[in-house]
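Asks:
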Amino acid sequence: PGLAPLARTATRLHPRPGSPTVHDSSVGGPLLWPADEPWPHCEGPHDASLAEDTPLSAEDIRALRRVRAAS
Numbered sequence: 010p011g012l013a014p015l016a017r018t019a020t021r022l023h024p025r026p027g028s029p030t031v032h033d034s035s036v037g038g039p040l041l042w043p044a045d046e047p048w049p050h051c052e053g054p055h056d057a058s059l060a061e062d063t064p065l066s067a068e069d070i071r072a073l074r075r076v077r078a079a080s
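With positions in the sequence shown counted from 1, the corresponding number in our numbering is that position plus 9.
#1: From residue 50 to residue 75, what does the alpha carbon distance come to, in whole angstroms?
#2: Whole angstroms is fine: what's the gap from residue 56's alpha carbon to residue 25's?
#3: Rounded to a whole number of angstroms, what is the C-alpha to C-alpha distance between residue 13 and residue 21?
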């Protein structure tokens with residue numbers, strides 16, 4: 010009863026087997042993207058001292074967030 014105000018309409022998906030070609034799917038083919046839309050990218054600041062392939066622990070992430078929030 011307490012969750013009733015949170016109720017929302019749901020959409021049920023019914024996937025069906027198919028035979029997509031490279032023109033229908035990015036699996037096995039090029040990623041389809043509208044030609045007139047730019048490819049998404051991040052314009053935010055990046056910490057160059059962190060190597061992209063260096064895994065970060067949850068504590069590392071929390072520490073970085075604290076430092077950024079304090080600045």
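Built from N, CA and C at the ideal position, the CB exists for glycine as well. Computed from a predicted model, the values in this text were never measured in an experiment.
Replies: A quick look at the data gives this:
#1: 25 Å
#2: 44 Å
#3: 20 Å
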